[in-house]
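The listed protein sequences derive, respectively, from chains R and G. In terms of our numbering, the first sequence is residues 696 to 1020. In terms of our numbering, the second sequence is residues 696 to 1020. Don't be surprised by glycine CBs; every beta carbon is placed ideally from N, CA and C. Everything on this sheet refers to the single structure shown next.
Protein chains: 2
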Amino acid sequence: MASVGEVMINKQVILKHFINTAPKESDMVVKTSSLSLKVEPGSNAVVVKNLYLSCDPFMGSRMKKFENPDFNSFIPGSPLEGIGVAKVLDSGHLDFKKGNLVWGTVGWEEYGVVENPENLFKIHHTDVPLSYYTGILGMPGITAWAGFYKVAAPKKGEYVFVSAAAGAVGQLVEILKNKLGFDDAFNYKEEHDLDAALKRCFPEGIDIYFDNVGGKILDAVLLNMRIKGRIVVCGMISQYYLRQPEGVRNLLNIVIKRVRIEGFVVVDYVPQYSKFLEVVLPLIREGKIVYLEDITEGLENAPAALVGLFNGRNIGKQIVLVARE
Amino acid sequence: MASVGEVMINKQVILKHFINTAPKESDMVVKTSSLSLKVEPGSNAVVVKNLYLSCDPFMGSRMKKFENPDFNSFIPGSPLEGIGVAKVLDSGHLDFKKGNLVWGTVGWEEYGVVENPENLFKIHHTDVPLSYYTGILGMPGITAWAGFYKVAAPKKGEYVFVSAAAGAVGQLVEILKNKLGFDDAFNYKEEHDLDAALKRCFPEGIDIYFDNVGGKILDAVLLNMRIKGRIVVCGMISQYYLRQPEGVRNLLNIVIKRVRIEGFVVVDYVPQYSKFLEVVLPLIREGKIVYLEDITEGLENAPAALVGLFNGRNIGKQIVLVARE
């Protein structure tokens, strides 16, 4: 990271090629190039120094060549993109100035030029860990809040099931039960009879299912939904790397139990971000939310951290620490 | 139908045994017994003479031995039940008196005792055909109205797809297009590529899918949904008689397109029946609704009429005319 005049030596995580299976470390390469830390005159871009990068399942999807026009693939030869926390080094945009802390979409690199600063959020509250803005105070946080409170609209006394509640981690059942306050939990990768596991945990059935997994577990949940139950579909990680998605057979329960299944994407709720912060910041300050982070140090270890997500290696939110301010 | 004092000779359509496939005529038998036309003292039952009986797909489901506690199977040895239009011959219930015309759940028989008259609706408007109360002015009508206006909540300009729009009848494409005013239609039983058929009919995609079929067509629709589209699940006739339901593979589109899938049952909307009548009666009187009926005469032909529903033999709403008042 030696500075050469206004130009920095910059490490980047580059996508080597499109993938068809879950990401492997060999699908990415860490390269070094150089970058000017000054915004070009007339541009409204922002130059940032990345502090934390977030590893998220959707990044694996973007490493595939996506035919769907609603989904942008990463570009082979270019750095990956993800959610990060960064510090503004130079800005051509009126809303940002040098020294600001921000979170939003950045490249997987030490320094970067953000061409669309509209996708950056200024960080106003720094009495909580900065890394939280990659997770509980960032996209995953507002996703959980919007999906649960806005889409599922829970009522008191309802039974709630969350799949992949420990991140991609199955072995964390004990943590879910003892540390995070779940009434019960199981490892869906180890249960051979998901229907029986659900009936054991939900003898009265499920009112709300927050689906991160899809496939077989969604199918088993459909058998266990209560009348007027809601399934909020946030993601279907079990289906992303299959040659053909699994068939879900129990959809007739949608009619029998009058179930609502609803997909949502967090961007629709981003305008409510400050409202979300008003709810969650006090809970964090009062210690009422237990939140686990799994922090990997150094951009050169970012590919392994991302790959670990798909192997259930992380315990809590997987983050890469790129630099300490 | 000779009267023996207060006792009538009564023809009934009896379920012979539970079924596992679509209903066949041999699963039912028409038998004759006798029935008193007087309500027993102290009972609040109603004795009716059935005029029209409705053939509906859900009746096939009730001929199966259903494990689900939310679904009542018919009882082998007893008459089938369905929606009918009837005339009250005697009543122990305050809300009904001799001569009233009613519609609601009745036995498949010429005369019957309705033990729960709470499920009968008095017919106040007789300037429209009485048979309409088995269809457009009865359960199917309020089902279509509730599913479309209350669940799907259409907005002007949206693209709407209805499966099984001609009843179970595929060959009615021309009627759908020329007589019923659909922009386009296809026979889903004859299209080998449902995705291509949908793309041909909906080059811009589908905003609302009113699902009566499920299975393969639902799977193809999922590929063609627009952002924030809604799938209202009214039934899944293609799945009722399969040993194992078909797997639906394209559910990931729920997230990508932020789709809402919602099942409903008409009983939840029955309290809004008079509101529904206010909307639909004027439209019928003004000739603004084109409505097709397929009327089979005689209770002895009722089993064939019901079976025909599952073979796509009917053109429009299948009814059995039992008696002309």
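- Of all residues in the stretch 951-963 of chain G, those with a C-beta nearer than 8 Å to a C-beta of chain R are I951, K952, R953, V954, R955, I956, E957, G958, F959, V960, D963, reading in chain order.
- Per DSSP, G:T829 is not a residue of any alpha helix (DSSP H), being assigned neither H nor E.
- If you look at G:D914, you'll find it isn't in any beta strand (DSSP E); it sits in the alpha helix (DSSP H) that goes 910-917.
- Residue contact check for R:V943 against chain G: a CB pair falls below 7 Å.
- For G:L978, the number of other beta carbons within 10 angstroms of its own is below 16, and it is reported as exposed.
- Between the stretch 734-748 of chain R and the stretch 778-790 of chain R there are three or more C-beta pairs closer than 8 Å, enough to call the two in contact.
- Identification of residues in the stretch 897-930 of chain G having a C-beta nearer than 8 Å to some C-beta of chain R yields G909, L913, I922, V928, C929, G930, given in sequence order.
- Close to G:I949, with beta-carbon spacing below 7 Å, are these residues of chain R in chain order: V928, I956, G958.
- Taking the C-beta atoms as reference points, R:V855 is found no nearer than 7 Å to R:I932.
- Shown here, R:D963 sits in a helix according to DSSP, grouped into three states.
- Excluding residues up to 5 positions away in sequence, Y827, G830, I831, I979, G1011, K1012 lie with their Cβ nearer than 8 Å to the Cβ of R:Y986 in the same chain.
- Beta-bridge partners assigned by DSSP to R:V783: R:V743.
- R:L976 is outside the set of residues whose beta carbon lies under 7 Å from a beta carbon in chain G.
- Judged by beta-carbon spacing, G:G842 lies within the 7 Å limit of G:V927, meaning their Cβ atoms are closer than that value.
- Residue pairing by DSSP puts G:G802 in a beta bridge opposite G:E776.
- Three or more pairs of CB atoms, one per stretch, sit closer than 8 Å, so the stretch 743-756 of chain G contacts the stretch 772-781 of chain G.
- Sequence-distant partners of G:K726 (beyond 5 residues in either direction) whose C-beta falls short of 7 Å from its own C-beta, in its chain, are Q707, I709.
- The C-beta separation of G:L746 from G:A1000 comes to about 15 Å, leaving the pair out of contact by the 8 Å criterion.
- Interface annotation, G:P812: not in contact with chain R, CB-CB separation never under 7 Å.
- Spatial neighbours of G:K760 in its own chain (CB-CB distance under 6 Å, excluding positions within 5 residues in sequence) are listed in chain order as F713, S768.
- Here DSSP, grouped into helix, strand and coil, assigns G:T991 to strand.
- Looking at the DSSP output, G:Y904 bridges to G:F856, G:I926.
- According to DSSP, residue pairing for R:G958 in a beta bridge involves R:V928.
- Taking 7 Å as the cut-off, the beta carbon of G:G909 is found closer than this to the beta carbon of G:Q934.
- Against G:Q934, the close residues of chain R are R944, L946, L947, in the order they occur along the chain (beta-carbon pairs closer than 9 Å).
- Taking 7 Å as the CB threshold, R:P966 stays off the interface with chain G.
- Counting of Cβ neighbours within 10 angstroms places G:K952 among the buried residues, the total reaching 16 or more.
- Less than 7 Å separates the beta-carbon of R:L918 from that of R:N945.
- The C-alpha of G:F877 lies about 20 Å from the C-alpha of G:C929.
- Of all alpha-carbon atoms in R:A781, R:L972, R:T800, R:V975, the one lying nearest the alpha-carbon of R:K793 is that of R:A781.
- Closer than 7 Å to the CB of G:P940 there is at least one CB belonging to chain R.
- For the set R:L972, R:E981, R:K983, R:G1007, the Cα lying nearest the Cα of R:H819 is the one of R:L972.
- Look at R:V1017 here: in three-state DSSP terms it is coil, with no helix or strand label.
- Closest in C-alpha terms to R:G836, from the list R:V965, R:L732, R:E813, comes R:V965.
- For R:M758, the CB contacts under 8 Å within the same chain, skipping 5 residues up- and downstream, are L710, F713, I714, P718, D722, S768, F769, L775 in chain order.
- Rounded to whole angstroms, the gap between the alpha carbons of R:V742 and R:L1004 is 29 Å.
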